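Engineer:
In the working numbering, the protein residues as written are 75 to 202.
1. Tell me the DSSP bridge mates of residue 158?
2. Going by Cα to Cα distance, which pick from 123, 131 and 154 is closest to residue 105?
3. State yes or no: is the C-beta of residue 111 within less than 7 Å of the C-beta of residue 183?
4. Distance check for residue 127 and residue 168, CA to CA, integer angstroms please.
5. Is the number of C-beta pairs between the stretch 158-165 and the stretch 82-101 that are closer than 8 Å three or more?
6. Between which residues of its own chain and residue 156 is the CB-CB distance below 7 Å, once the five residues before and five after are set aside?
Below you can see the structure in the form of structure tokens.
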């Protein structure tokens, strides 16, 4: 679900939190545990992992694009959160911030098995 456009940041946060509470059938304790983990920290986690992967390549920078999503999968056994974010590998000598190949990073947080996994796609040329 996407928050209605034009609402205040506080209204958007409340909208998302209410959706999370709904996804866990009204269990606010579970919702709070999820929101402690599933926030901008997942984006930072992916960014840091990606920077480490490309640390030896000095011809470009890893840039965040601001495109991300959170998918809460409520299963019989519990909740699995899947956070996806798009990053740009921008050439160091880039003139605009829209230059560079794009890749998608995904982190999966399984609250039942208390496990975290992540993966990256191969960079795809940006056709902008």
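Glycine residues also receive a C-beta, built at the ideal position from the N, C-alpha and C atoms. Everything numeric in this text was worked out from a predicted model, so none of it was measured.
Structural biologist: In short, the structure shows the following:
1. Beta-bridge pairing links residue 158 to 143 and 180.
2. That would be 154, whose Cα lies nearest to the Cα of residue 105.
3. In terms of Cβ geometry, residue 111 and residue 183 form a close pair [threshold 7 Å].
4. Going by the C-alpha atoms only, they are around 21 Å apart.
5. For the pair of segments examined, the stretch 158-165 was found not to touch the stretch 82-101: the number of CB pairs separated by less than 8 Å stays below three.
6. Spatial neighbours of residue 156 in its own chain (CB-CB distance under 7 Å, excluding positions within 5 residues in sequence) are listed in chain order as 145, 147, 180 and 182.
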